[in-house]
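Visitor: Numbers given in this note's numbering equal positions in the sequence shown, counted from 1, plus 35.
Cβ atoms here follow ideal geometry from the backbone N, Cα and C, with glycine treated the same way.
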Amino acid sequence: MINLFNTRIEQLALHRVGNKNKGELLLTSAATTPLDDELHALLKEFFLKPFRSKEETYYSFTHEQDLEFHELYAFAKSIFNTPASLLDNSKKIAKQLYEQSVHPHIRSGELYVCYLDNVMLDNNKVDAIGIFKSELKQDFLQFEEGEDDLRILLQQGVNLNKLDKGAIIFNTEEETGYKILSVDSNRYDAKYWLESFLGVDVFEDENFFTKKYLKFCQDFAKEVVLPAEDKKEEVMFMNRSMNYFAKMMILKKVLF
């Protein structure tokens, strides 16, 4: 379980990543972005809100040969070891994303790389790295006062109520590729974010196997129990499965 209520953004690096195949540029900042209290509160909500409302499916970095060859894993490890290196490593992360931004559907956007502290993960306090991307722009109205009139201006900007893509890398399980959460509101290019850029696979912890078994029970209930009995029997079967796992979790807490 994740708790982000007291989490703070300690450092933030901001870059713009274009579509390489369209000839758009990669723009990296020379310094980190200072945050006052108001901006910190707005960005924290913008970055972290999607992770509070989604089902927790954890991922981890993976590589067919060795994790040490995984570039994003190496950048994250360097940042955790030396938080002051966030800016330099964020530029490498931006370049990595730029190199993967070649499909015509991939939109340019702003990349935010930040160092998060005071993150609660499974009742343990850990640091984390946030990697977020805003892509879609929306129209909004801005007003400008003249001496005797009020002018209306149409501008475009980022909607702070909707993050397009994001990942939180928790400083735990380093040996197996860290624990990672990811969100992606634009499903048309999910492979680009999860596979090509992040290079992750599902983190196979206890929750993963529990969900996998419950999915098996659900499929069994629909394919075997339901045709033979009725909907009531299917519901009873699933309830018995859920109660069994609840009892097992309570027993585990008592024993350990």
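1) Is it right to say H140 is buried, meaning 16 or more other beta carbons lie within 10 angstroms of its own, or is it exposed?
2) Do Y213 and S95 have their C-beta atoms within less than 8 Å of each other?
3) Identify whether A76 lies in helix, strand or coil by the three-state DSSP scheme.
4) Can you tell me whether E127 is helix, strand or coil according to DSSP?
5) For F167 and D184, I'd like the C-alpha separation in whole angstroms.
6) State the CB to CB distance for the pair Y133 and K57, rounded to an integer number of angstroms; the pair is presumed to be in contact (CB under 8 Å).
7) Quick check: the stretch 156-163 against the stretch 55-74, are there 3 or more CB pairs under 8 Å?
8) Can you name the residues that DSSP bridges to S136?
9) Taking 8 Å as the threshold (C-beta atoms), are N221 and D236 in contact?
10) Can you tell me whether T211 is helix, strand or coil according to DSSP?
11) Would DSSP call E145 helix, strand or coil?
12) Can you tell me whether A119 is helix, strand or coil according to DSSP?
13) Return the Cβ separation of L121 and Q46 in integer angstroms, given the expectation that the two are a contact with Cβ distance under 8 Å.
14) With DSSP run on the structure shown, which of helix, strand or coil describes Y94?
15) Going by CA-CA distance only, name the one from K226, T211, F238 that's closest to E103.
16) Could you work out which residue in M36, L61, R43, I37 is closest to D152 when comparing CA atoms only?
17) Per the DSSP calculation, N20 is bridged to which residue(s)?
18) Could you name the residues of the same chain whose beta carbon sits closer than 7 Å to that of S64, not counting the 5 residues immediately before and after it, in chain order?
19) Can you round the beta-carbon distance between F86 and L216 to whole angstroms, since I take them to be within the 8 Å contact cut?
20) Kindly list the residues whose CB is nearer than 7 Å to the CB of E106, restricted to its own chain and excluding five residues on each side of it in sequence; keep chain order.
21) Quick check on N206: buried or exposed, where buried means 16 or more other Cβ atoms within 10 Å of its Cβ?
22) Based on the DSSP secondary-structure assignment, which residues constitute the bridge partners of G181?
23) On the three-state DSSP scale, how would you describe G201?
24) If I follow the unbroken beta strand (DSSP E) through H50, where does it start and stop?
25) Can you have a look at G201 and say buried or exposed, based on whether 16 or more other CB atoms are within 10 angstroms of its CB?
Guide: Quick answer:
1) Sequence index remark: in the sequence shown, residue 140 carries index 105 (1-based). By the 10 Å Cβ count, H140 comes out exposed.
2) For the purposes of this step, residue 213 is taken as the residue at position 178 of the sequence shown. For the purposes of this step, residue 95 is taken as the residue at position 60 of the sequence shown. Yes, Cβ-Cβ distance for Y213 and S95 is below 8 Å.
3) Here residue 76 is taken as the residue at index 41 of the sequence shown, counted from 1. Correct three-state label for A76: helix.
4) For this step, residue 127 is matched to residue 92 along the sequence shown. In the sequence as presented, Glu is not what sits at residue 127; that position holds Lys. In the displayed model, K127 falls within a helix according to three-state DSSP.
5) Position 132 of the sequence shown, counted from the start, is the residue given in the question as residue 167. Position 149 of the sequence shown, counted from the start, is the residue given in the question as residue 184. Cα to Cα, the separation comes out at about 40 Å.
6) Indexing the sequence shown from 1 puts residue 133 at position 98. Indexing the sequence shown from 1 puts residue 57 at position 22. Not a contact, Cβ separation roughly 12 Å.
7) Result no; under three Cβ-Cβ pairs closer than 8 Å.
8) Counting from one through the sequence shown, the residue named residue 136 turns up at place 101. Under DSSP, S136 forms no beta bridge with any residue.
9) Working through the sequence shown from its first residue, we reach residue 236 at position 201. Working through the sequence shown from its first residue, we reach residue 221 at position 186. Against a cut-off of 8 Å, the Cβ pair of N221 and D236 comes out as no contact.
10) Here residue 211 refers to the residue found at position 176 when the sequence shown is read from its first residue. T211: helix per DSSP, three-state reduction.
11) Within the sequence shown, numbered from 1, the residue matching residue 145 stands at position 110. The answer is strand: DSSP assigns E145 an E or B state.
12) As a working note, residue 119 is residue 84 in the sequence shown. Here A119 sits in helix by DSSP.
13) Stepping through the sequence shown from its first residue, residue 121 is reached at position 86. Stepping through the sequence shown from its first residue, residue 46 is reached at position 11. In this structure L121 touches Q46 by the C-beta definition: roughly 5 Å separates them, less than 8 Å.
14) Position 59 of the sequence shown holds residue 94. Here DSSP, grouped into helix, strand and coil, assigns Y94 to strand.
15) Locating residue 103 in the sequence shown gives position 68, where the first residue counts as 1. Looking at the Cα atoms, T211 is the closest of the given residues.
16) Within the sequence shown, residue 152 is the residue found at index 117, counting from 1. The alpha carbon of D152 has as its nearest neighbour, out of M36, L61, R43, I37, the alpha carbon of R43.
17) An answer regarding residue 20 cannot be provided, because it is not within the stretch 36 to 291 covered by the chain.
18) Counting from one through the sequence shown, the residue named residue 64 turns up at place 29. Here the set comprises A48, L49, H50.
19) Here residue 86 is taken as the residue at index 51 of the sequence shown, counted from 1. Here residue 216 is taken as the residue at index 181 of the sequence shown, counted from 1. F86 to L216, Cβ: 6 Å. Contact.
20) Numbered from its first residue, the sequence shown carries residue 106 at position 71. Answer for E106: Q131, listed in chain order.
21) Locating residue 206 in the sequence shown gives position 171, where the first residue counts as 1. Around the Cβ of N206, a 10 Å sphere holds 16 or more other Cβ atoms; the residue is buried.
22) Indexing the sequence shown from 1 puts residue 181 at position 146. Per DSSP, none; premise fails for G181.
23) On the sequence shown, position 166 is the one that residue 201 refers to. Secondary structure of G201 (DSSP, three-state): strand.
24) Position 15 of the sequence shown, counting from 1, holds the residue named residue 50. It spans 43-52 - the beta strand (DSSP E) in which H50 sits, taken as one unbroken run.
25) Position 166 of the sequence shown, counted from the first residue, corresponds to residue 201. With 16 or more other Cβ atoms within 10 Å, it is buried.
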